[in-house]
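J.: Using my numbering, you'd call the opening residue of the sequence shown number 10 and step up by one each time.
Every residue gets a Cβ at the ideal spot worked out from N, C-alpha and C, and that includes glycine.
Below you will find the structure I want to go over with you.
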Amino acid sequence: MIRDLSKMYPPARHPVPRQPGQQLKFTVTESCDRIKEEFHFLQAQYHSLKLECEKLASDKTEMQRHYVMYYEMSYGLNIEMHKITVLTDLVIN
């Protein structure tokens with residue numbers, strides 16, 4: 010299963026266009042807004058990854074269930090083949 014990693018791991022910072030000669034001065038309000046924005050971005054990313062993790066855990070459980078089912082079927086077929094082999098040997102001898 011191939012996923013688009015650019016959606017799963019987007020860039021950490023949002024690009025900010027800067028004009029030539031512009032000073033990097035931020036007010037407390039602007040800084041708080043940027044931190045709040047970054048927090049919401051990280052929170053959304055965390056939620057997305059958490060959902061993905063839960064889905065993978067569910068898929069893992071389903072795969073394990075299928076494995077056990079196929080193992081039991083294979084074991085049953087092996088026993089039946091052994092019975093047929095024993096019966097065939099008895100009939101031939």
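Please state the DSSP three-state secondary structure of N102.
T.: N102 falls in the coil class under three-state DSSP.
J.: Roughly how many angstroms separate the alpha carbons of F35 and E63, rounded to a whole number?
T.: Their Cα atoms are separated by approximately 40 angstroms.
J.: Just how far apart, CA to CA, sit C41 and L60?
T.: Whole-angstrom Cα-Cα distance: 28 angstroms.
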